[in-house]
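Sequences listed follow chains A and B, in order. In case it helps, the working numbering puts the first sequence at residues 149 to 399. In case it helps, the working numbering puts the second sequence at residues 44 to 321. Glycine residues also receive a C-beta, built at the ideal position from the N, C-alpha and C atoms.
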Amino acid sequence: MAKIVSIHSFRGGTGKSNLTANISACAALRGRRVGIIDTDIQSPGIHVLFGMDEQHIDRALNDYLWGQCSIEQAAYDVTPSPVTDKGGAVYLIPSSIKSGEIARVLREGYDVGRLVDGLRGLVEHLRLDCLFIDTHPGLNEETLLSMSVSDALAVVLRPDSQDYQGTAVTVELARRLEVPRMMLIVNKVPAAFDAGAVREKVETAYGVPVAGVLPLADDMVRLASAGVFCLRFPDHPLAGQIRAIADVIVS
Amino acid sequence: MSDELLEADELRTLLSLVDAEQSRADVLMNVVIPIGAALAYETEWATLLERIVRDAMKLCTADGGVLYLHNPKTAGEATATDALIPVIVRVDSMGIAVGGTRETVAALCRPARGGSSVADAAASGASVNLPDAWDEDAAVWRCAEAERFFELTEYRVRSCLDVPLRGGGGGGARGVVIGVLRLFNSRRPEDHTISPFEPGMQQVIESLCILAAAAVESYVRQQRLKDQVRELTVRIDESRKGHEVSLITQSEYFKSLQSRARALRAGNGNANGNGGGG
């Protein structure tokens with residue numbers, strides 16, 4: 149049975165979309181069929197990491213939500229060649245980057261129930277082993293809904309006070325929604341910080357396992373939106389850490 | 044002596060100076076800088092300090108070395124009024140290697156005292172090079188910290204070089220002095236006799252000390268950050284959290300989500316069919 153995994157953060161700038169792309173790619177490198185749905189409708193971006201030309205995005209999640217296409221029609225096969233070699237696949241359902249479409253969502257909202265149907269449809273039609281949801285930062289109806297249908301929730305946070313507070317609220321809501329598995333990923337940790345101490349403090353504070361403590365990596369910053377880091381630099385120590393997180397999440 | 048011979052002598056002198064400079068540049072590039080790079084990556088405090096002394100001794104074939112630091116625990120924050128504490132002592136010919144990872148140096152060496160060459164080097168920020176540390180006029184060793192060492196052993200310090208370790212923080216362009224490296228009894232490689240520290244070698248050791256000071260300061264800065272994160276508390280305002288959580292969980296939307304999530308996980312596939320309105 150497919151796993152639905154929400155990757156969430158309370159605030160923007162945590163590196164959530166970048167991590168989602170990398171974790172998904174690592175899971176696919178293990179020979180899995182992986183889907184990624186960009187539900188960050190207000191500020192989409194994960195498609196860029198997979199090299200999708202925005203001019204060629206004919207249909208997006210928005211079209212499905214307005215009833216203008218089926219969910220699988222909005223899914224693009226973005227399988228990178230190293231993943232193909234391993235027998236895996238990556239499908240991406242982007243959000244529209246057209247400003248009119250974004251404004252419409254903000255103005256009118258959308259039927260979040262249709263989003264749930266879409267998630268289930270995707271898993272079925274694309275025969276996915278795992279579906280990752282790249283959520284909008286913060287807490288709104290869509291993010292709560294994503295959590296409620298997820299088998300696992302990974303919350304990305306940075307080691308700073310605002311993220312700590314917001315993550316505490318997110319974790320509590322996820323508990324109330326009885327999300328079966330929850331984990332934290334501490335990202336952008338300054339190099340001088342002791343990763344072991346950060347892990348221990350965070351796990352103790354939230355009572356939630358930490359799947360990984362990732363450094364603020366210059367190489368990752370340099371690559372920025374130009375590609376999926378783990379595929380470009382598979383031998384980099386950071387890629388190894390992300391692979392380990394992916395293994396924990398999909399295990 | 045003819046003018047031609049004079050010119051030839053001058054030329055030879057100039058050429059030998061050029062050779063000496065070239066040879067010093069080679070030592071810097073091939074020996075000192077690699078040592079500095081290795082020091083910068085050293086992750087153990089005691090090992091870092093030991094390496095500074097050991098590598099400097101090796102460079103100038105010194106028989107002994109002592110590393111003094113202002114407040115060894117906070118080397119990067121030293122002030123000129125702090126005592127210079129000996130932290131590493133090595134004397135190869137006597138098989139002495141104390142401090143760092145080994146036993147305390149207190150039994151062998153005292154903190155630097157005013158008027159000594161170590162204190163002079165620290166106060167002036169400039170090296171003190173003593174071809175012979177025994178001051179016959181005053182009948183004292185100018186490297187006075189070694190007194191206890193003299194009391195305890197038959198060993199005598201003759202040639203002595205005290206080089207300040209200048210850090211980057213404060214103290215103007217030259218930086219604040221965070222410690223002093225003392226090297227003594229340079230031995231000629233060919234016959235092992237004690238000889239003064241040559242000016243060229245002094246410059247090489249001064250270059251090494253710049254890199255060593257940077258490594259010490261960098262280590263202290265990193266350690267301070269690590270200490271901060273060890274003390275880091277993940278502070279969560281529980282009352283604010285409770286308020287924010289209850290605002291959401293009391294909404295009808297959340298309650299319906301809860302019941303549908305429960306049904307979904309209980310295996311009722313239709314539970315998600317009628318999502319909450321957007």
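Can you give the Cα-Cα distance for residue i and residue j, rounded to whole angstroms?
i	j	result
residue 132 of chain B	residue 258 of chain B	19 Å
residue 311 of chain B	residue 301 of chain B	In this predicted model, residue 311 of chain B has a pLDDT of only 49, less than 50, meaning its place in the structure is not dependable; the value taken from the coordinates is given anyway. Cα to Cα, the separation comes out at about 14 Å.
residue 337 of chain A	residue 301 of chain A	21 Å
residue 252 of chain A	residue 342 of chain A	45 Å
residue 73 of chain B	residue 150 of chain B	37 Å
residue 324 of chain A	residue 275 of chain B	28 Å
residue 307 of chain B	residue 268 of chain A	12 Å
residue 235 of chain A	residue 252 of chain B	56 Å
residue 266 of chain B	residue 340 of chain A	8 Å
residue 188 of chain B	residue 348 of chain A	46 Å
residue 47 of chain B	residue 86 of chain B	59 Å
residue 255 of chain A	residue 287 of chain A	18 Å
residue 200 of chain A	residue 281 of chain B	43 Å
residue 346 of chain A	residue 277 of chain B	9 Å
residue 317 of chain B	residue 271 of chain B	Residue placement at residue 317 of chain B is poorly supported in this model, since its pLDDT is 38, which falls under 50; the coordinates still yield a value, given next. Approximately 50 Å, taken between the alpha carbons.
residue 240 of chain A	residue 233 of chain A	19 Å
residue 58 of chain B	residue 379 of chain A	56 Å
residue 287 of chain B	residue 294 of chain B	12 Å
residue 297 of chain B	residue 395 of chain A	31 Å
residue 254 of chain B	residue 94 of chain B	12 Å
Leaving out the 5 sequence neighbours to the left and right, which residues in its chain are closer than 6 Å to residue i when beta-carbon positions are compared?
i	result
residue 227 of chain A	237 and 238
residue 120 of chain B	Legend: pLDDT at residue 120 of chain B = 48, less than 50; position of this residue unreliable, no value from coordinates given.
residue 249 of chain A	210
residue 245 of chain A	192 and 202
residue 218 of chain B	209, 210 and 211
residue 391 of chain A	174
residue 53 of chain B	none
residue 289 of chain A	260
residue 96 of chain B	108, 110, 131 and 133
residue 98 of chain B	78
residue 309 of chain B	none
Measuring CB to CB, does residue i end up less than 8 Å from residue j?
i	j	result
residue 185 of chain B	residue 159 of chain B	yes
residue 206 of chain B	residue 67 of chain B	no
residue 230 of chain A	residue 195 of chain A	no
residue 389 of chain A	residue 344 of chain A	no
residue 386 of chain A	residue 353 of chain A	no
residue 162 of chain B	residue 153 of chain B	no
residue 104 of chain B	residue 264 of chain B	no
residue 375 of chain A	residue 197 of chain A	yes
residue 151 of chain A	residue 282 of chain A	no
residue 113 of chain B	residue 237 of chain B	no
residue 304 of chain A	residue 157 of chain A	yes
residue 335 of chain A	residue 293 of chain A	no
residue 303 of chain B	residue 326 of chain A	no
residue 142 of chain B	residue 148 of chain B	yes
residue 183 of chain A	residue 270 of chain A	yes
residue 321 of chain A	residue 279 of chain B	no
residue 136 of chain B	residue 106 of chain B	yes
Below 8 Å on the Cβ atoms is my guess for residue i versus residue j; work out the distance and round it to an integer in Å.
i	j	result
residue 92 of chain B	residue 110 of chain B	6 Å
residue 377 of chain A	residue 170 of chain A	6 Å
residue 285 of chain A	residue 159 of chain A	6 Å
residue 297 of chain A	residue 264 of chain A	6 Å
residue 266 of chain A	residue 312 of chain A	Contact doesn't hold; Cβ gap of about 33 Å is too wide.
residue 185 of chain A	residue 279 of chain A	7 Å
Below 7 Å CB to CB, which residues in the same chain sit around residue i once its five sequence neighbours on both sides are set aside?
i	result
residue 164 of chain B	170, 171, 205, 206, 207 and 223
residue 203 of chain B	160, 173, 176, 186, 225 and 227
residue 269 of chain B	none
residue 393 of chain A	171, 333, 359 and 360
residue 88 of chain B	262
residue 250 of chain B	71 and 75
residue 356 of chain A	319, 330, 331 and 332
residue 181 of chain A	236, 237, 274, 275, 276 and 277
Can you find the residues in the same chain that come closer than 8 Å, C-beta to C-beta, to residue i, ignoring five residues on each side of it along the sequence?
i	result
residue 329 of chain A	299, 300 and 301
residue 207 of chain A	216, 217, 221 and 222
residue 190 of chain B	153 and 184
residue 168 of chain A	155, 184, 194, 280 and 282
*What are the residues of the segment 303–315 of chain A that lie near chain C, defined by any Cβ-Cβ distance shorter than 8 Å?*
Within the model displayed, chain C is absent; protein chains A and B are what it includes.
_Under 8 Å: do the segment 240–247 of chain B and the segment 190–198 of chain B share three or more Cβ pairs, one atom per stretch?_
no
*Determine, using beta-carbon pairs with one atom in the segment 215–226 of chain A and one in the segment 271–286 of chain A, whether at least three such pairs fall under 8 Å.*
yes
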